[in-house]
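*Asks:* Protein chains in written order, with my numbering: chain Y, 2 to 131; chain L, 2 to 131.
Just so you know, even glycine gets a beta-carbon here, dropped at the ideal spot from N, CA and C.
Quick caveat: nothing in here was measured; it's all calculated off a predicted structure.
Okay, handing you the structure first.
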DNA sequence: ATTAATGCAAATTGTTTGCACGGTC
DNA sequence: GACCGTGCAAACAATTTGCATTAAT
């Protein structure tokens, strides 16, 4: 546990939900130890390996991360208007998913369920794009 | 509709399920007209726009495509052992997904549901990786 | 002639890596 | 003094783009 790694971990801890490696790097740059981008990537990978952080693929070319310690698995609603990310869990969906896998004799390891659309705010006169 | 575009479309039509832009490019290279990689990308994007082809994100850094004309939407089970891709549909899951979205006042546009694990073959003495 | 599509090669983007350097046991 | 982590800059890989050329109307 080096000072750099501690800095990255701290950065992760007060990150706002979902963030990219670069978000984190930029945010860390404002504080002292000035860790390098490479170390951010390397340390994030480390944290993912130790289940402290989860890497989530939100359908863009950039990987997102989120703090994961002790949290439940959840999936995401992703707003095409403002980029907001809403988390959800549904045991019923997971159960059905297990049934589907059984039918196909498929041994499930993990899954990713993303719904893209518009959040409440963006439906009401919000940003018109996407 | 140029000869190049026709060539790409033909390539798509006899593609084996899911393929990457580069798969397609390589495959086309064996036949005559020799379209360029750029044109393959450009044309695929065009076909996606006209709903003839669907772009699917399988969780790797490469985009996959599949012929989509007149097909139902479906989701995927992806084998971590051999890379096999099994398609599935479940109206029950989609219904529950709609309920979840309603609860969050989220207007759904499209979704992506991927399950990673091991296919039947790979469970039986198959490749040990992942 | 104007417009649109192509091919090439260079640019872009997010991420990874080789390697020399610095610190620690 | 062996080892590990770091920073830098170069390497990468998939995709996109600028631009000059070509083809079609």
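Just to confirm, are residue 77 of chain Y and residue 122 of chain Y a CB contact at a threshold of 7 Å?
*Replies:* The count along the first chain starts at 1 and reaches residue 77 of chain Y at position 76. The count along the first chain starts at 1 and reaches residue 122 of chain Y at position 121. Contact check for residue 77 of chain Y against residue 122 of chain Y fails: the beta carbons are separated by 7 Å or more.
*Asks:* Whose C-beta lies closer than 7 Å to the C-beta of residue 104 of chain Y among residues of the same chain, with five residues either side of it excluded?
*Replies:* The residue you call residue 104 of chain Y lines up with position 103 of the first chain. No residues qualify anywhere along the chain.
*Asks:* Please determine if the segment 39-48 of chain L and the segment 85-101 of chain L are in contact, where contact requires at least 3 C-beta pairs separated by less than 8 Å.
*Replies:* no
*Asks:* State the start and end residues of the unbroken beta strand (DSSP E) segment that holds residue 119 of chain Y.
*Replies:* Here the question's residue 119 of chain Y lines up with position 118 in the first chain. Taken as a continuous stretch (DSSP letters only), the beta strand (DSSP E) holding residue 119 of chain Y covers 108-119.
*Asks:* Okay, do the segment 21-41 of chain Y and the segment 55-71 of chain Y touch, 3+ Cβ pairs below 8 Å being the bar?
*Replies:* yes
*Asks:* What residue range does the alpha helix (DSSP H) around residue 41 of chain L cover?
*Replies:* Stepping through the second chain from its first residue, residue 41 of chain L is reached at position 40. 38-50 is the span of the alpha helix (DSSP H), which, as asked, contains residue 41 of chain L.
*Asks:* Would you say residue 115 of chain L reaches chain Y, if we count a Cβ-Cβ gap shorter than 7 Å as a contact?
*Replies:* Start at 1 with the first residue of the second chain, and residue 115 of chain L comes out as number 114. Interface residue, yes.
*Asks:* In three-state DSSP terms, what is residue 95 of chain L?
*Replies:* By 1-based counting over the second chain, the position of residue 95 of chain L is 94. DSSP places residue 95 of chain L in helix when its eight states are reduced to three.
*Asks:* For residue 7 of chain L, verify whether its CB is less than 6 Å away from any heavy atom of the ligand ATP.
*Replies:* With respect to the ligand ATP, the structure offers nothing, as it holds no ligand at all.
*Asks:* Is residue 119 of chain L buried or exposed, if buried means 16 or more other CB atoms sit within 10 Å of its CB?
*Replies:* Residue 119 of chain L sits at position 118 when you count from the first residue of the second chain. Classification of residue 119 of chain L: buried, given that the 10 Å Cβ count is 16 or more.
*Asks:* Which residues in chain Y have a C-beta closer than 8 Å to the C-beta of residue 74 of chain L? List them in chain order.
*Replies:* As a position in the second chain, residue 74 of chain L is number 73, starting the count at 1. The contacting residues do not exist; residue 74 of chain L stays about 13 Å from chain Y at best.
*Asks:* Grab me the residues of residue 35 of chain L's own chain with a C-beta within less than 6 Å of its C-beta, minus the 5 sequence neighbours each way, in chain order.
*Replies:* Locating residue 35 of chain L in the second chain gives position 34, counting from the first residue. There are no such residues.
*Asks:* Using only the alpha-carbon positions, how far apart do residue 108 of chain Y and residue 61 of chain L sit?
*Replies:* Position 107 of the first chain, counted from the first residue, corresponds to residue 108 of chain Y. Position 60 of the second chain, counted from the first residue, corresponds to residue 61 of chain L. Cα-Cα distance, rounded: 20 Å.
*Asks:* Is there at least one Cβ from chain L nearer than 7 Å to residue 64 of chain Y's Cβ?
*Replies:* Here residue 64 of chain Y refers to the residue found at position 63 when the first chain is read from its first residue. No, no contact with chain L.
*Asks:* Residues of chain Y with a CB under 9 Å from the CB of residue 118 of chain L: which are they?
*Replies:* By 1-based counting over the second chain, the position of residue 118 of chain L is 117. Those are 102, 107, 108, 109, 110, 111 and 112, listed as they occur along chain Y.
*Asks:* Over the uninterrupted beta strand (DSSP E) stretch that includes residue 15 of chain L, give me the two end residues.
*Replies:* Within the second chain, residue 15 of chain L is the residue found at index 14, counting from 1. Careful: residue 15 of chain L lies outside any beta strand (DSSP E) and carries neither H nor E.
*Asks:* Might you give, ordered along the chain, the residues of its own chain that have their beta carbon closer than 8 Å to the beta carbon of residue 59 of chain Y, omitting 5 neighbours on each side?
*Replies:* Position 58 of the first chain, counted from the first residue, corresponds to residue 59 of chain Y. Cβ neighbours of residue 59 of chain Y beyond the five flanking positions: 19, 65, 77, 79, 86 and 115.
*Asks:* Where does residue 131 of chain L fall in DSSP's three states?
*Replies:* Within the second chain, the letter at position 130 stands for residue 131 of chain L. Because the pLDDT of residue 131 of chain L is 47, which lies under 50, any placement of that residue in the model is unreliable, and the question is left without a value.
*Asks:* Please tell me whether residue 14 of chain Y has its Cβ less than 7 Å away from any Cβ of chain L.
*Replies:* What you label residue 14 of chain Y is simply residue 13 of the first chain in a count that begins at 1. For residue 14 of chain Y, the answer is no, since every Cβ of chain L falls outside 7 Å of its Cβ.
*Asks:* Could you tell me which of Y:95, Y:44 and Y:5 sits nearest to residue 32 of chain Y, measuring between CA atoms?
*Replies:* Residue mapping note: residue 32 of chain Y aligns to position 31 of the first chain, counting from 1. The shortest C-alpha separation from residue 32 of chain Y is found at Y:5.
*Asks:* Classify residue 74 of chain L: buried if its beta carbon has 16 or more other beta carbons within 10 angstroms, exposed otherwise.
*Replies:* Counting from 1 along the second chain, the entry for residue 74 of chain L is found at position 73. Residue 74 of chain L comes out exposed.
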